[in-house]
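A short write-up of the structure that comes next.
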Amino acid sequence: MKLKFEFRSVASPKDSKTTVVAITSLITEQGERYAIPDELIYADFHEELRNTDAFKKVRNSLGKRQDEMKIWITLSKELQKTYLDEEGSIQFGGKYLKQTCQEDTKEHSNLTKILEKLVEKSDKKEEEKNLKHIVDKFILEKFNYKTSNVRQWLDTFEKECGRFKIERDETKIELLRLFLDGVGQDWYISTVIKEEHENNWQRWKQVLIETFSNKRWSNRTYAHYFRYKEG
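Structure follows, in structure tokens:
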């Protein structure tokens, strides 16, 4: 049988300037982690373990304070008597050790979050790629300063979204960005920067109509307005 020992470099309880090796927990082959009581973590209490070659290598490998290391060690008869009772339950120092959690729960959680972000990033790239492909199939001109009827343009945009079964507000808003040119892009960027309307398509639609209906500004004037109207 073997156990995984978790080692850490810590300050000595006798001299805070001295760094010593501590054994913080034991992990079974089933992944169950058992915590060593704080008062018993110091290597001085683990005489049988200190005599192993594995411990000597760990001591030489740990560097600065708070460095950690996990090592599998096959239990000799002496180590089994130290860390296991006759029934195989985890013990040390005359106490049964409390199980804390499964090994690598935290690591697994962090890894999961990283993978989720990678998947999300990959999905976003794939979605953008698909949207650009859809843009080419839309029967709709780009929205720019030449667009004379905003409402009519939006009606056509929504009909095309329906034709391609695009229903999510977020997707419509992202797709809208791909159809905006010049002044429209300036307006979109300004709106995103100010975090207005979030993912509410109806609100985006309403503001687009309010902003561009009955206006006859030049492209340059629009750009100046949307980029600098905040000061």
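Under full-length UniProt numbering, the sequence shown has 36 at position 36, and the numbering climbs by one with no breaks. Backbone N, C-alpha and C define an ideal beta-carbon position, used for all residues, glycine too. Quick caveat: nothing in here was measured; it's all calculated off a predicted structure.
Exercise. Per DSSP, Ser16 forms a beta bridge with which residues?
Worked result: If you number the sequence shown from 1, residue 16 lands on position 16. In the DSSP output, where bridge partners are listed per residue, Ser16 has none listed.
Problem set entry | Cβ pair Val10, Arg65 closer than 8 Å | The sequence position of residue 10 within the sequence shown is 10, counting from 1. The sequence position of residue 65 within the sequence shown is 65, counting from 1. Yes.
For this session: Please work out which residues of its chain come closer than 6 Å, Cβ to Cβ, to Thr147, disregarding the five sequence neighbours upstream and downstream, and give them in chain order.
Result: Start at 1 with the first residue of the sequence shown, and residue 147 comes out as number 147. Hits under 6 Å: Trp153.
For this session: Mind reading off the beta-carbon distance from Ala43 to Ile23? Whole number of angstroms is fine, and I expect it under 8 Å.
Result: The residue given as residue 43 occupies position 43 in the sequence shown. The residue given as residue 23 occupies position 23 in the sequence shown. Indeed, because the Cβ distance is near 7 Å, the residues count as touching under 8 Å.
Problem set entry | Residue range of the beta strand (DSSP E) that includes Tyr34 | Taking the sequence shown and counting its residues from 1, the one referred to as residue 34 is at position 34. Unbroken beta strand (DSSP E) run through Tyr34: 32-35.
For this session: Pull up the distance between the alpha-carbon of Glu86 and that of Ser61, whole angstroms please.
Result: By 1-based counting over the sequence shown, the position of residue 86 is 86. By 1-based counting over the sequence shown, the position of residue 61 is 61. Those two C-alpha atoms are separated by around 33 Å.
For this session: Quick one: which unbroken beta strand (DSSP E) runs of 3-plus residues sit fully inside the stretch 55-92? Chain order, please.
Result: 68-74
Problem set entry | Of the listed residues Gln99, Cys101, Thr100, Leu84, nearest to Gly93 (C-alpha basis) | In the sequence shown, the residue the question calls residue 93 occupies position 93. Closest option to Gly93, Cα to Cα, is Leu84.
For this session: Tell me the start and end of each unbroken beta strand (DSSP E) in the stretch 127-161 that is at least 3 residues and wholly inside, in chain order.
Result: none
Problem set entry | Cβ pair Thr100, Arg33 closer than 8 Å | Taking the sequence shown and counting its residues from 1, the one referred to as residue 100 is at position 100. Taking the sequence shown and counting its residues from 1, the one referred to as residue 33 is at position 33. Against a cut-off of 8 Å, the Cβ pair of Arg33 and Thr100 comes out as a contact.
Exercise. What span of residues does the alpha helix (DSSP H) with Leu180 cover, start to end?
Worked result: Looking up residue 180 in the sequence shown gives position 180. Counting along the chain, Leu180 falls outside any alpha helix (DSSP H), and DSSP gives it neither H nor E.
Exercise. Could you give the C-beta distance for Leu3 and Leu75, rounded to a whole number, given that I count them as a contact under 8 Å?
Worked result: As a first step, residue 3 is located in the sequence shown; it is residue number 3 there, counting from the start. As a first step, residue 75 is located in the sequence shown; it is residue number 75 there, counting from the start. Contact flag correct, Cβ pair sits at about 6 Å.
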